[in-house]
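Colleague: Take this structure first; my questions come after.
Protein chains in written order, with this note's numbering: chain A, 3 to 222; chain B, 65 to 566; chain C, -13 to 252.
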């Protein structure tokens, strides 16, 4: 008895009897030039900043050396009392937050916060894998300084540090940046502003699920 | 409000099967008369297509992107078996499990089995058209498993005992007052009730759904999803969304079952760059949608579900594939740009199409997925004036208008082979008569003389043009006046005035 | 063969007889022959005024799209044969219908290949490539936008779907209308939305068709125009029929008839 897989593949091959047996996938033409940069203005970091602001997120810029202070300011401004951090988050950043009175809880394989515990924290702080200027997108590849996906999903505030050198012009370059992570089996989350829906009469409403506050620090 | 007479875990959908839908004309007439839906649709489709036009105009390589989308998906179609095998290998290597389903029943059996194995009796769902296509929710209900929709529009549809009417914004046909009523009436039966004094401001309605769903997200052990793309090279899946319910379902439970049509393949991760530029602009008119998730098998370090499954669904897709012209419809990335530009869809709404896939894409896909035996599928290719606006906006350049003509031809051939027992029109006879005339210019000349003669006769009795007349021409004249017939045909004029020339 | 939009916005006046030495085979179209003869008559007068010699090969019947677009491919073959027979001897074939010309160019080769094989299909394709809508012929072949027309009225133009999306005549009709002396061209709201005719669609889906025609008629009436002009008479019959039923006081007219109109005419 044929398995479902064999039967479906058999149907596919029969359906494609008009495709010459000698034709390989590469023979079916694709004229597109991959990995090109796109026109995102003269200064792609400025464009990135502007586009993220357009999504109603807060963006501040900080020299790398002053990141601990910038994080402390963010935590104070947003009223974040406790924050979950990924295992690989820089120590100096944690120190900055602690200085602002934030209770740091690290999530790691030995100490995994439950969904409820994540729900009860004030916020999460992560780094990023890259920023996409044209679309104002932040891409997380969930490696050690970003943490598993639930961390940046459940808490209501997400403070994200994006390096200016991590910003690329557009989607094609971003795909190249994160491709090694995908090949290594990492998940990705592409974030462009906060959650939104236009399902009711096409009237856009922000903040349905996912963090309702996105605060971005561009580290230069 | 539907009165449920038997105990159910989830709200009962409306009775009847899609395949038994009446011909398009009947649902269309109903839709035309629904003034609330007319207003919603006009507002919604006008807004989205204007947004789409703006963001598309920002890219000066938009046409190249469309060509790339077309070519990549054509390549996929022509080598689908290789790509499916490659995807299965890579997803399995990454710790996932792949299942194959020939049809809806098989898919549902597999899904029920996977959920039963976890011992759970509820799942949270990310919106997936294919799970509606196979009627998964009802199969789960029968097996004692509650499937909770978490996409706001699908929640409105589910709680409203309704059917979706659009691919991307399924509750488009509901206004805010109706949504409020549905929430107030039904939420409490299936979880946290709507808050006291809930008004109909969209922000508060969305807030009510956030609260109602939060407890389900927090406790769910099993979720189901679809996928926008399957990436063969890496064994990855992609879900493109706006609200964050996708991220909730894809990340928090232990078991994730993704139900995906076999045509959703992209060859490589590089190809993702093309489709992430095409899809958000085409579907919601944004440069980028809020959240896109990519995962490959079971993610490392216990990040998210570790018991991950993909159910690959055929359910008629190989039928579509077997038509070298018709298979272009499998390029579809479910953006809904064709729905949003279609003047017919805008006026009749999605329910008239008798399928989870309405609009222009539905009109060419359903008769191929389901065949041309049913009354609804025989009528769908004709649910269009062939204006061609859809061709212009399809991000993967499906020649929808041409495929509508192609499907009409298949319906005509099917009817010739298997005519309806009681034909309700004289169409084949009228076509034969017209063809007889057009096959010989002398007959057309005669027809012209006949019209001129008729005109002279009508003139004698003082009739110049006419209004509504009974009979088949009543379909035209019911709403339109017809001018007076000419005194002589062009052939007659030519003979009289240029007769010595050729 | 043709591009989507004509190249310039400047008006090119007919100097002398740009059609001198050119023989044009007129493709009247079946509907025009029987119901709207004034349109091909206008084409004859217009082209002769510009110096062309016009012939009317009598073997022609129809483009066949009433059959093709309803799914009856076999029934369309007779029309394709007649088109080939009538027009193959000619260098220029001109018809006053973006829809019919579009059908010839887009569908005849496929129908011929299916019915009679490659050799015939290639001949059919060659003839189709020499078939022009009147607007294309005037601008692309005769090289003029000002054909010496005079039409002192307020006019609004509906760009029919098939003339735009199948024949791709682009903005040629606009260029021609703008060069007509005395004519005031008023913008039509939602111009690019279908009028709802769609051939047999109007009979098979009459409710939807009438809804679309009603919306189009309302938009036309809102312009304050005296005339509604288009390049396809059946779309005009559709919209004009609704306008007349509601006594809108607007007359439908084919673009060829405007272009043929001079100061000498009443």
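Even glycine gets a Cβ: it sits at the ideal position worked out from N, Cα and C. Because the structure is a prediction, the values reported are computed rather than measured.
Buried or exposed for residue 525/B, going by 16 or more other Cβ atoms inside 10 Å?
Modeller: To locate residue 525/B, count along the second chain from 1; it is residue 461. Exposed.
Colleague: Mind checking if residue 86/A is an interface residue toward chain B, Cβ cutoff 7 Å exclusive?
Modeller: Sequence index remark: in the first chain, residue 86/A carries index 84 (1-based). No, its Cβ sits nowhere closer than 7 Å to a Cβ of chain B.
Colleague: List the residues that DSSP assigns as beta-bridge partners of residue 37/A.
Modeller: Here residue 37/A is taken as the residue at index 35 of the first chain, counted from 1. DSSP, once it has assigned bridges, lists no residue as partnering residue 37/A.
Colleague: Opposite residue 371/B in the DSSP bridges: which residues?
Modeller: One-based indexing of the second chain puts residue 371/B at position 307. For residue 371/B, which the question treats as bridged, DSSP gives the partners 319/B.
Colleague: Taking the alpha-carbon positions, what's the residue 48/C to residue 558/B distance?
Modeller: Counted from its first residue, the third chain places residue 48/C at position 62. Counted from its first residue, the second chain places residue 558/B at position 494. C-alpha separation (whole angstroms): 17 Å.
Colleague: Roughly how many angstroms separate the alpha carbons of residue 101/B and residue 242/B, rounded to a whole number?
Modeller: In the second chain, the residue the question calls residue 101/B occupies position 37. In the second chain, the residue the question calls residue 242/B occupies position 178. Straight-line Cα distance between these residues: approximately 11 Å.
Colleague: Considering only DSSP beta bridges, list what residue 530/B is partnered with.
Modeller: Translated into the one-based positions of the second chain, residue 530/B becomes position 466. Looking at the DSSP assignment, residue 530/B forms a beta bridge with 546/B.
Colleague: In three-state DSSP terms, what is residue 155/C?
Modeller: On the third chain, residue 155/C is found 169 positions in, with the first residue counted as 1. Of the three classes helix, strand and coil, the one that applies to residue 155/C here is coil, per DSSP.
Colleague: Which chain A residues are close to residue 300/B, counting only those with a beta carbon under 7 Å from its beta carbon?
Modeller: Counting from one through the second chain, the residue named residue 300/B turns up at place 236. Within chain A, the residues near residue 300/B are 184.
Colleague: I want to see whether chain A comes within less than 7 Å of residue 341/B, judged by CB atoms only; does it?
Modeller: For the purposes of this step, residue 341/B is identified with residue 277 of the second chain, where counting begins at 1. Interface residue, yes.
Colleague: Which runs of the beta strand (DSSP E) spanning at least 3 residues fall entirely within the stretch 0 to 34 of chain C, listed in chain order?
Modeller: For the stretch 0 to 34 of chain C, whole beta strand (DSSP E) runs of length 3 or above, ordered along the chain, are 9 to 12.
Colleague: Assign residue -11/C to buried or exposed, taking buried as 16 or more other Cβ atoms, counted over all protein chains shown, within 10 Å of its Cβ.
Modeller: Residue mapping note: residue -11/C aligns to position 3 of the third chain, counting from 1. Because residue -11/C sits at a pLDDT of 33, beneath the cut-off of 50, its placement in the model cannot be relied upon, and the point is left open.
Colleague: Check for me: the alpha helix (DSSP H) holding residue 326/C runs from which residue to which?
Modeller: Within the shown structure, residues of chain C are numbered from -13 to 252, placing residue 326/C beyond reach of any answer.
Colleague: Could you tell me if residue 94/A is buried or exposed, where buried requires 16 or more neighbouring beta carbons within 10 angstroms of its beta carbon?
Modeller: Residue 94/A sits at position 92 when you count from the first residue of the first chain. That one is exposed.
Colleague: Report yes or no: is there a C-beta of chain C within less than 7 Å of the C-beta of residue 451/B?
Modeller: Mapped onto the second chain, residue 451/B falls at position 387. For residue 451/B, the answer is yes, since a Cβ of chain C falls inside 7 Å of its Cβ.
Colleague: Residue 96/B and residue 410/B look like a contact to me (Cβ under 8 Å); what is the Cβ gap, rounded to whole Å?
Modeller: By 1-based counting over the second chain, the position of residue 96/B is 32. By 1-based counting over the second chain, the position of residue 410/B is 346. Wrong, their Cβ atoms sit about 11 Å apart, outside the cutoff.
Colleague: Which two residues bound the contiguous beta strand (DSSP E) that contains residue 190/B?
Modeller: Working through the second chain from its first residue, we reach residue 190/B at position 126. Element bounds for residue 190/B: n/a, residue is neither H nor E.
Colleague: So residue 137/A contacts chain B; which residues on that side make the cut at Cβ distance below 7 Å?
Modeller: As a working note, residue 137/A is residue 135 in the first chain. Going along chain B in sequence order, the residues near residue 137/A (Cβ under 7 Å) are 351, 352.
Colleague: Residue range of the alpha helix (DSSP H) that residue 243/C falls in?
Modeller: Against the third chain, residue 243/C aligns to sequence position 257. Element bounds for residue 243/C: 241 to 246.
Colleague: Starting from residue 47/C, find everything on chain B with Cβ-Cβ shorter than 9 Å and list it in chain order.
Modeller: Translated into the one-based positions of the third chain, residue 47/C becomes position 61. Those within 9 Å of residue 47/C in chain B are 501, 502, 503, 504, 505, 507, 508.
Colleague: Name the DSSP beta bridge partners of residue 313/B, please?
Modeller: Numbered from 1 along the second chain, position 249 holds the residue referred to as residue 313/B. According to DSSP, residue 313/B bridges with nothing at all.
Colleague: Taking 7 Å as the threshold (beta carbon to beta carbon), is residue 143/C in contact with chain B?
Modeller: For this step, residue 143/C is matched to residue 157 along the third chain. Answer no: the Cβ-Cβ gap between residue 143/C and chain B never drops below 7 Å.
Colleague: Secondary structure at residue 161/B, three-state DSSP: helix, strand or coil?
Modeller: Looking up residue 161/B in the second chain gives position 97. In this structure, residue 161/B counts as strand in the three-state DSSP scheme.
Colleague: Flag residue 266/B as yes if its beta-carbon sits less than 7 Å from any beta-carbon of chain A, otherwise no.
Modeller: For the purposes of this step, residue 266/B is identified with residue 202 of the second chain, where counting begins at 1. It does; some Cβ of chain A falls within 7 Å.
Colleague: Please report how far the alpha carbon of residue 65/B lies from the alpha carbon of residue 233/B, in whole angstroms.
Modeller: On the second chain, residue 65/B is found 1 positions in, with the first residue counted as 1. On the second chain, residue 233/B is found 169 positions in, with the first residue counted as 1. Its pLDDT being 47, under 50, residue 65/B is placed unreliably by the model, and the measurement read from it follows with that caveat. One C-alpha to the other measures close to 22 Å.
Colleague: Which residues of chain A have a Cβ atom closer than 9 Å to the Cβ of residue 334/B, listed in chain order?
Modeller: Position 270 of the second chain, counted from the first residue, corresponds to residue 334/B. Within chain A, the residues near residue 334/B are 36, 37, 174, 177, 178, 181.
Colleague: Under the three-state reduction of DSSP, which class applies to residue 217/A: helix, strand or coil?
Modeller: Translated into the one-based positions of the first chain, residue 217/A becomes position 215. The answer is strand: DSSP assigns residue 217/A an E or B state.
Colleague: For the beta strand (DSSP E) containing residue 357/B, list its first residue and its last residue.
Modeller: Taking the second chain and counting its residues from 1, the one referred to as residue 357/B is at position 293. Unbroken beta strand (DSSP E) run through residue 357/B: 355 to 360.
Colleague: For residue 190/C, write down the residues that DSSP places opposite it in a beta bridge.
Modeller: To locate residue 190/C, count along the third chain from 1; it is residue 204. According to DSSP, residue 190/C bridges with nothing at all.
Colleague: What does DSSP give as the partner residues of residue 208/A in its beta bridges?
Modeller: Residue mapping note: residue 208/A aligns to position 206 of the first chain, counting from 1. In DSSP, residue 208/A forms a bridge with 198/A.
Colleague: Can you find a CB in chain F that lies within less than 7 Å of the CB of residue 31/C?
Modeller: In the structure shown, chain F does not exist; the protein chains are A, B and C.
Colleague: Looking at chain B, is there any beta carbon in it that lies within less than 7 Å of the beta carbon of residue 157/A?
Modeller: In the first chain, the residue the question calls residue 157/A occupies position 155. Not one chain B Cβ lies under 7 Å of residue 157/A.
Colleague: Got a sec: which bits of the stretch 91 to 107 of chain B sit with their beta carbon under 7 Å from any beta carbon on chain C, in order along the chain?
Modeller: Under the 7 Å Cβ criterion, the stretch 91 to 107 of chain B contributes 92, 93, 96.
Colleague: Could you compute how far the alpha carbon of residue 257/C sits from the alpha carbon of residue 560/B?
Modeller: Missing from the structure shown is residue 257/C; chain C here goes from -13 to 252 and no further.
Colleague: Taking C-beta pairs closer than 8 Å, name the residues in chain B that residue 58/C reaches, listed in chain order.
Modeller: Against the third chain, residue 58/C aligns to sequence position 72. Residues of chain B passing the Cβ test: 473, 476, 495, 499.
Colleague: Give, in chain order, every residue of the stretch 178 to 199 of chain C whose Cβ lies closer than 9 Å to some Cβ of chain B.
Modeller: Residues 178, 179, 180, 181, 182, 183, 184, 185, 186, 187, 188, 189, 190, 191, 192, 193, 194, 195, 196, 197, 198, 199.
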